[in-house]
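First comes the structure, then the notes that go with it.
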Amino acid sequence: MTTSKVPHRFANLHGDSGVQVGKTVGKFGWLPPVVFGVGALALWEVVVRVAGVPAFILPTPSAIGAQIVAQPAVLLSTSWATGLNALVGLVAGFVLGVVLALLAASSRLLSDLTTPVVAAASAVPIVALAPVFTTMFGSTTEIPRRLVVMLVVIVPVFIATARGLRQVQPVHAELMTALAATPWQHARFVRLPGAIPHIMTGLRLAAPAAVIAAVVAEYFGGLQNGLGSRISSAAANTAYARAWAFVAASIVLGLLFHFAGLLAERLVTRRTLRRTP
Amino acid sequence: MKGTSAVELVGVDKDFGEVNALSGIELTIGGGEFVSLIGPSGCGKSTLLRVVADLEQPSAGTVTVGGKPPRQARVDQEYGIAFQQAGLLEWRTVAENVELPLHVHGMAKPQRQARAAELLELVGLADFAGSRPSQLSGGMQQRVAIARALAPSPRLLLMDEPFGALDEMTRERMQAELLRIAGETGAAVLFVTHSIPEAVVLSDRVVVMSPRPGRITEIVTGRRPAVGKAAELDPDDVEDVRESSAFFAAITAVREALRKGHEA
Ligand SMILES: Nc1ncnc2c1ncn2[C@@H]1O[C@H](COP(=O)(O)OP(=O)(O)OP(=O)(O)O)[C@@H](O)[C@H]1O
Ligand SMILES: [Mg+2]
């Protein structure tokens, strides 16, 4: 048995030379934004009190805080309802976006059919469809909102996935041809795994957008169980501080989705380390 | 030579629009024979290899690979192929990369894994089965690519400058490895290179090509170490070949042929 001793380089084994996902936050990286946030709230409180700004323009943070403390159960249940809509829509839109991009990549005809439609969809204010869906499906169901979220999510996921699927190294394409791989095998063994970093970036971008879509879709009527519907009804009843309390909950929900998306992107991309050429 | 020829090219032309990449190619590669293609850049070496691999269709002439039309040979995985870049899939382990051709051909997982283990042993990388390609050096990656090409036990190995990106020492070691592997598996090899010594030391025959139009100008007998020794071949045996006077004579013959082709 001949064993040859070729010198090997473990350049990428340790260290972080492989992928760079998002920003690397240092140990106290959270400190500046927190200080900034607290400072901004304090400034807001002072300005509103000193200048005597009326509550319908801008309530004080303390008044909003009092509303939050007064009704945690309602905030939680409405956040849950909206969060669930966002999640269901996100998952459905993600799966559909990836599948559509795969189909588009598999045939010229399908690509010609889907790509312009999705490109056009990215220019349409999709939440504006919410009242139409409410009329179609009735105002006692969550379907219209989930549908809106799904459509909002499909676009960035489709675009990111399609881009990833297109970036196949020529040597890999050649290899799959030489192996007489079927189009499906080509997708499964080469295109899809190679596109995963792109797909995950699409998911990260879509996650907070899903929350925004879920909240805004509720402004157009339908069930009164979510954050968006509470914001609009509180505002209509001149309960401005209460409206802002629900806005604050929407922000928290959006951040939650944002960080979940970021985490998912990092975990998945790290596992399928992309090669540095 | 055993049985049917590995490759037969009869009157093969290949045009890319105005460019006459191949013209009147006549070449037969016997079973287990090692044939190198050498010639200036753009003379059609890669095109010739790609025609054999059914990655390119000839404009005229007939091509037979293992007694079949190239398309059938490709579908049946009659040949294994290795390119200048190793082209490993980063999301698969080293062993899974070797398994790829078998996976594509629908072989069951246990058999696949056993075969990959056997091949990694053959190329001396058994310890790296679970590694990621990026953890390997360029030479090791190229050996994985060769193991992958060998996975379906092809009777023919097509290699397009597989050692082009390697340093000189690694390259010589890889040449010895390739000779040993070709000897052990009995596969025929069609090998594209720019290095005259590499072509001479590896090959039974060195095919010299010239450009515009790409054609075969001369075929020189190479200095491949005897097949009988191949199983125990180690770099020292190849070293002996490199220092023999017959080796230098063959190098001179190839160089002359290249020069003639250039002047023509
Ligand atoms: N797909 C293609 N389309 C058009 N022309 C091509 C194509 N492939 C090759 N050619 C042309 O055919 C000729 C032969 O190319 P080929 O790649 O076979 O040369 P080669 O001998 O492999 O060169 P090198 O040593 O640089 O790799 C060149 O003139 C090249 O420009
Ligand atoms: Mg070439």
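Heads up: the sequence lines are chains S and G, in that order. Note that the working numbering has the first sequence beginning at 630, numbered continuously upward. Note that the working numbering has the second sequence beginning at 7, numbered continuously upward. Glycine residues also receive a C-beta, built at the ideal position from the N, C-alpha and C atoms.
At least one CB of chain G lies nearer than 8 Å to the CB of L804(S). Sorted by chain position, residues whose beta-carbon lies closer than 7 Å to a non-hydrogen atom of ligand 2 are K51(G), S52(G), D166(G), E167(G), V198(G). Taking all protein chains shown into account, R56(G) has 16 or more neighbouring C-beta atoms within 10 Å of its C-beta and is therefore buried. As the crow flies, the alpha-carbon of L61(G) is around 10 Å from that of A809(S). A straight line joining the alpha-carbon of E204(G) with that of T258(G) spans about 13 Å. Comparing C-alpha distances from E262(G) to each of I225(G), E249(G), K20(G) shows the shortest one belongs to I225(G).
Look at N103(G) here: in three-state DSSP terms it is helix.
According to the DSSP assignment, I697(S) belongs to the alpha helix (DSSP H) that extends over 690-699. Annotation: Cβ neighbours of P822(S) in chain G (cutoff 9 Å, chain order): L95, E96, W97, R98.
Taking A684(S) as reference, the option from H887(S), A863(S), S879(S) with the minimal CA-CA separation is A863(S).
For Y85(G), DSSP records a beta bridge to L162(G).
In this structure, M180(G) lies away from Q147(G), with their beta-carbon atoms at least 8 Å apart.
Ranked by how close their Cα comes to the Cα of K20(G), the residues P231(G), R218(G), R230(G), S201(G) have R218(G) in first place. With a threshold of 7 Å, the Cβ atom of G37(G) does not count as near ligand 1, since no heavy atom of the ligand is closer than that. Nearest to P75(G) by alpha-carbon distance, out of F169(G), M165(G), V16(G), is V16(G). Closest in alpha carbon position to F766(S), among G850(S), P662(S), L670(S), I860(S), is G850(S). Bounds of the beta strand (DSSP E) holding M215(G) are 211-216.
Within chain G, no residue has its beta carbon less than 7 Å from that of L832(S); the closest one is some 18 Å off. Assigned with DSSP and collapsed to three states, L15(G) falls in strand. Taking the Cβ atoms as the reference, V110(G) lies roughly 21 Å from L131(G), outside the contact range of under 8 Å.
Judged by DSSP secondary structure, G666(S) falls within the alpha helix (DSSP H) whose first and last residues are 660-680.
Here E14(G) has T34, T70 as same chain residues with Cβ atoms under 6 Å from its own Cβ, once five neighbours each way along the sequence are excluded. G145(G) is a Cβ neighbour of T176(G), given a cutoff of 8 Å.
Scanning chain G for C-beta atoms nearer than 9 Å to the C-beta of H827(S) yields nothing, as the closest lies near 13 Å away. Cβ contact annotation for H827(S) (same chain, cutoff 6 Å, sequence separation greater than five): A789, R792, G793, in chain order. Judged by DSSP secondary structure, S42(G) falls within the beta strand (DSSP E) whose first and last residues are 40-44. Residue range 221-227 is occupied by the beta strand (DSSP E) that includes E224(G), with no alpha helix (DSSP H) assigned at that position. Excluding the 5 residues flanking it on each side, A252(G) has same chain C-beta neighbours closer than 8 Å at R229, in chain order. Under a criterion of Cβ atoms nearer than 7 Å, no residue of chain S is adjacent to A171(G); the nearest Cβ is some 12 Å distant.
Taking 8 Å as the threshold, the shortest C-beta distance from V110(G) to chain S falls below it. Beta-bridge pairing by DSSP links I31(G) to V18(G). Taking 7 Å as the Cβ-Cβ cut-off, the stretch 761-794 of chain S has no residue approaching chain G.
Going by DSSP, V195(G) is part of the beta strand (DSSP E) stretching over 194-198.
Annotated three-state conformation of K656(S) is coil, per DSSP. DSSP places A66(G) in the strand class (E or B) of the three-state scheme.
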